[in-house]
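In the working numbering, the protein residues as written are 1 to 146.
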């Protein structure tokens, strides 16, 4: 065996590795790749509004907080806000599986909202709470591992 044959064998082995990698990452169902948003160009147009809402939430004396309880994921809204005047939505995204995404309206009991444990599968989630009180709009974003 001469050096030319070795180079050809090495090139064929490398190409086989690359093709196997491409097949496994694109075709196999266990490695699903989904977009975070189907309309990401349209979402980009509203990005400044999102930044303003995040800044409003950062200016609060006490921001929204999350905690894991035995019953599920508990969201605690600021105590100085009137819970009856708060409206908005909670979006829970699972980056690895779009089927596990959850979108809920805000329905407070006191200053709290509970997302039942049964609705959440173990893994990484992106939580986005968009709420409004009076003329002020707020946004809270956090990444959690449940």
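Each residue gets a CB set at the ideal place from its N, CA and C atoms; glycine is no exception.
### Message
Given this structure, state the Cα-to-Cα distance separating residue 9 from residue 16, to the nearest angstrom.
### Response
Locating residue 9 in the chain shown gives position 9, counting from the first residue. Locating residue 16 in the chain shown gives position 16, counting from the first residue. Whole-angstrom Cα-Cα distance: 11 Å.
### Query
Does DSSP put residue 43 in a helix, a strand or coil?
Start at 1 with the first residue of the chain shown, and residue 43 comes out as number 43. Three-state DSSP puts residue 43 in a helix.
### Task
Look at residue 124 and residue 145 and say whether their C-beta atoms are less than 9 Å apart.
Working through the chain shown from its first residue, we reach residue 124 at position 124. Working through the chain shown from its first residue, we reach residue 145 at position 145. For residue 124 and residue 145, yes; Cβs fall inside 9 Å.
#### Entry: Burial state of residue 14 (16 or more Cβ within 10 Å)
Sequence index remark: in the chain shown, residue 14 carries index 14 (1-based). That one is exposed.
### Message
Can you tell me whether residue 15 sits near the ligand NAP, meaning its C-beta is under 8 Å from at least one heavy atom of the ligand?
### Response
Absent from the structure shown: the ligand NAP. Ligands present: none.
### Query
Between the beta-carbon of residue 102 and the beta-carbon of residue 120, is there less than 9 Å?
Taking the first residue of the chain shown as 1, we reach residue 102 at position 102. Taking the first residue of the chain shown as 1, we reach residue 120 at position 120. Contact flag set, yes.
### Task
With DSSP collapsed to three states, give me the class of residue 66.
Taking the chain shown and counting its residues from 1, the one referred to as residue 66 is at position 66. Residue 66 carries a strand assignment under DSSP once its states are collapsed to helix, strand and coil.
### Message
Between the alpha carbons of residue 115 and residue 19, how many angstroms are there, rounded?
### Response
Your numbering for residue 115 matches position 115 in the chain shown. Your numbering for residue 19 matches position 19 in the chain shown. C-alpha separation (whole angstroms): 43 Å.
### Query
Applying the criterion that 16 or more other CB atoms from any shown protein chain within 10 Å of the CB defines a buried residue, is residue 129 buried or exposed?
Position 129 of the chain shown, counting from 1, holds the residue named residue 129. Residue burial annotation: residue 129 is buried, with at least 16 other C-beta atoms found within 10 angstroms of its C-beta.
### Message
Using only the alpha-carbon positions, how far apart do residue 25 and residue 64 sit?
### Response
Within the chain shown, numbered from 1, the residue matching residue 25 stands at position 25. Within the chain shown, numbered from 1, the residue matching residue 64 stands at position 64. If you take the alpha carbons of residue 25 and residue 64, they lie about 38 Å apart.
### Query
Could you give the distance in angstroms between the alpha-carbon of residue 76 and the alpha-carbon of residue 126?
Position 76 of the chain shown holds residue 76. Position 126 of the chain shown holds residue 126. The straight-line gap from Cα to Cα measures roughly 17 Å.
### Task
Go through its chain and collect everything with a Cβ distance to residue 93's Cβ below 6 Å, but skip five positions before and after it.
In the chain shown, the residue the question calls residue 93 occupies position 93. The beta carbon of residue 93 sits closer than 6 Å to the beta carbons of 101 and 126 from its chain, once the five residues preceding and following it are set aside; these are given in chain order.
### Task
Buried or exposed for residue 3, please, with buried defined as at least 16 other CB atoms from any protein chain shown within 10 angstroms of its CB.
By 1-based counting over the chain shown, the position of residue 3 is 3. The residue is exposed, with fewer than 16 neighbouring Cβ atoms inside 10 Å.
#### Entry: Local Cβ density within 10 Å of residue 79, reported as buried at 16 or more and exposed below that
In the chain shown, the residue the question calls residue 79 occupies position 79. Flag for residue 79 reads exposed.
#### Entry: Boundaries (first-last residue) of the beta strand (DSSP E) holding residue 85
For the purposes of this step, residue 85 is taken as the residue at position 85 of the chain shown. It is not in any beta strand (DSSP E) - residue 85 carries neither H nor E in the DSSP assignment.
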